[in-house]
Each structure stands twice: as structure tokens, then as C-alpha cells.
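Since the structure comes first, as C-alpha cells, the remarks are kept for the end.
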Amino acid sequence: MKAVRFHEFGHSDVLRLEQLDDAPPGPGQVSIRIRASALNHLDVDVREGTSRFPVNLPHTLGVEVAGDIEGVGEGVEGFAAGDRVNPYIMDPCGDCRYCRTGRESLCLAAGFISFTTGGGYAEKLTCGARQLVRIPDNVSYEDAAALQVAFATSWHMLFTRAGLRAGESVMINSVGSGIGSAAVQLAKQAGAFVIGNASSQEKLDRARELGMDIGIDHKTENVVERVMEVTDGKGVDVVYEHVGGELFQAGLDALTKDGRLVICGGHSGEVVPFDIIPFFRAQKSVIGSFVYTKTEVEKCFELASHGRIKPLVHKSFPLEDAAEAMDTMERREHFGKLLLTP
Ligand SMILES: [Zn+2]
């Protein structure tokens, strides 16, 4: 099979299209013929060696794939060759105190797609059968590849971690990103008043089409002042944060009393100053969020199957153009996911 790998950390020119031996599925595993795989910003950090995850070289990037089962290992039940599947990003141990209480994203001994298996920038992937999620018949491979990280991360952040409820207000940072545009759709579905920000009017216009009520251009407008204007001076109940840097403090300042800021990333500044006094006086909360559960992925596929949410695909590239696809992602001009379709 062909796979895109890198043997040293660096810019996109370290990527190499290579011919590898197929990895036959072991006991409890399946091999998947990949039809579409999605790029994520994490991939850039992993390639550059700044992800703070252990990476063994050579490495194949890509944590979300959609495809068909090709080979089935010993002892696998319930799945057969030809089934359309999307593997859950984690391979939880199933036995630690977190797995036993339904909180597998906290697993003490989990494997991850591309870190402990092959990656998605390839023609094939071998993973555990217990990771498999079925793709509904009316969801395409492209939409399936674009769904998991964006929507399941959003679900976990908005509902499981931040407890967003109907009638509440939420500000979603950077609505042009994959998890930003997914959060707009899920928050709207849940009956929230949705404020979003982005770096251009074009991105705000696209987010309005997805159900965003109020858009703020964070390059030209004061985010906190605008939030206070449209919430009668109260601030929002929930801030959905994944950007870091200045938007983190703006998010804290835009919260109402007893408001919750939920965060899952910080590309624009991972270490930030934090104004402690107004934070505790208004009894605000900052909530960390990491990955999501397999059940949350399945819920998002149900919503997609019913046409209630729509994964957004900006462009698909052939495997040999993986470097160009990553460069496109790093320019941040896209709206929706970038895919590789081997
Ligand atoms: Zn576990």
C-alpha cells in the first residue's frame, strides 16, 4: 500500500509518498481500505514535533478516516468485509477506572489512531474492531471523514463538559474552523443563542448560513464590547474556546456571572496571562476538554443521517498532494475540512 510518511520533523517538504507492506489484521483487528481521510491542525504540530505527544519516526499522519473493511482478524464479531466504517480515534483499554465509568476519553492506557496504529494519510489502516463506528448508508465517505473530530469534539465540549442547555447563549471562537463551524450547528440544534467570531466577513457569512445569530469580526471589532451589546450587558453563559492567545482572555471577559469557558486547544498562544480577580469574583469556570467518547461519535452520525447537521468539506486532494493539502490548511483560508481521497 501507499502511505505518506515523514522521517524527520519539519515543514511539509518532509512528507514522502512511500510503498509499504500491508499490515494484516491481528486478533480482534480489521484492516480498512481508506476512501477518505481528513486533515486536522494537530497533524501540523505532530509533523513539526511540537505536539507534546510521543511520536515514533517514521510516522504516518491522519487521525480520522472513512472506508470499507477489507480484512477481518481472528475473533472479530459483528463486522465483515465490505462494511463502511469510521474508526473511533481512541483505542481505550476498557478496564481502567475511567473506562469503567463511561469516561473513556480519560483512559489511562489508550491507543490513538496514527500514534499506535498506521495513520490516515495512506491507502489502508489496521485498527481494533472495537473502535469501529458504522457509517450510515446515506452519509458519504467524504462527509464521514469530515465528521468525527469536528462534531464529536464539539458535542463533548458543548454538552458533556460545559452542559449547554436550550435558551442559553454561547460564543463560539473562530467559527471558520472545523470544530467552530460544527459547534455553530450543534449549539443551534440545542436551542442556544449563538454568537460567533472569525477573522473575516466571508467566514461570518458562511457561519450565518449554518445558524449563527450574531457574528463578530475579531480583527476589526472589540469582541467583549460586542458580546455585552448583544446580551444587554450580561455576557454569555458559555464560551467555546479552542484558539488560545488573546481570544482566551476575551472569552473569560465575555462570560456572564457563573459562566463557563470550555477549552480544547490553544494554537494562537498556549501559555497566556490570566486575570484572577474578576474571574473568581464573578464565580466563573474554565473547563478542559479532550477528545470525546465513541457514543458521542455515534450520536453525531445519527444527526448527520437525519440531515440535522452537515459536515463541511472544503476540498479533497489525492494522496500524492498531501503536502499541498497541509500547506492549504496552514494558510487558514479554507472553510470546512480538507480531505485526502486515495
Ligand atoms: Zn481505560
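To convert, note that position 299 of the sequence shown is 295 in the working numbering; the numbers rise steadily by one, no gaps.
A virtual CB, placed ideally from N, CA and C, is assigned to each residue, including glycine.
As the structure is a computational prediction, the values presented were derived from the model and not from experiment.
Under the three-state DSSP convention, the category residue i falls into
i	result
residue 287	coil
residue 269	coil
residue 60	strand
residue 2	strand
residue 49	coil
residue 301	helix
residue 246	helix
residue 9	helix
residue 79	coil
residue 230	coil
residue 16	coil
residue 133	coil
residue 293	helix
residue 264	coil
residue 200	helix
residue 92	coil
The alpha helix (DSSP H) enclosing residue i, as first and last residue numbers
i	result
residue 224	219 to 226
residue 143	137 to 143
residue 184	174 to 185
residue 44	37 to 44
residue 73	Per DSSP, residue 73 belongs to no alpha helix (DSSP H) and is neither H nor E.
Range of the contiguous beta strand (DSSP E) that encloses residue i
i	result
residue 167	165 to 168
residue 256	251 to 259
residue 312	309 to 313
residue 346	Residue 346 lies beyond the stretch modelled for the chain, which goes from -3 to 338, so this question has no answer here.
residue 122	120 to 124
residue 213	210 to 213
residue 318	No beta strand (DSSP E) contains residue 318, which is instead part of the alpha helix (DSSP H) from 318 to 327.
residue 335	333 to 336
Assigned exposure category for residue i - 16 Cβ within 10 Å defines buried
i	result
residue 277	exposed
residue 238	buried
residue 202	buried
residue 279	exposed
residue 56	buried
residue 162	exposed
residue 15	exposed
residue 143	buried
residue 216	exposed
residue 285	buried
residue 46	exposed
residue 3	exposed
residue 350	Residue numbering for the chain in the displayed model covers -3 to 338; residue 350 lies beyond these limits and cannot be assessed.
Which residues DSSP lists as bridging residue i, in chain order
i	result
residue 86	108
residue 65	28
residue 190	166
residue 237	259
residue 282	257
residue 55	2
residue 128	83
Contacts around residue i, its chain only, beta-carbon distance under 6 Å, and the 5 residues preceding and following it disregarded
i	result
residue 139	307
residue 137	31, 32 and 62
residue 21	27, 67, 69 and 122
residue 290	84
residue 19	122
Same chain only: Cβ atoms within 7 Å of residue i, ignoring 5 sequence neighbours per side
i	result
residue 319	8, 9 and 11
residue 231	223, 224, 250, 251, 252 and 255
residue 199	171, 172 and 331
residue 310	330, 331, 332, 333 and 334
residue 23	69, 70 and 71
Interface flag, residue i vs chain B, CB-CB below 7 Å
i	result
residue 179	Absence of chain B from the displayed structure is noted, only one protein chain being present.
Heavy atom of ligand 2 within 6 Å of residue i beta-carbon
i	result
residue 123	As far as ligands go, the structure on display features ligand 1 and does not contain ligand 2.
Nonlocal neighbours in the same chain, by C-beta distance under 8 Å from residue i, ignoring five residues either side
i	result
residue 196	172, 213 and 215
residue 177	146, 171, 202, 203, 206, 308, 331 and 332
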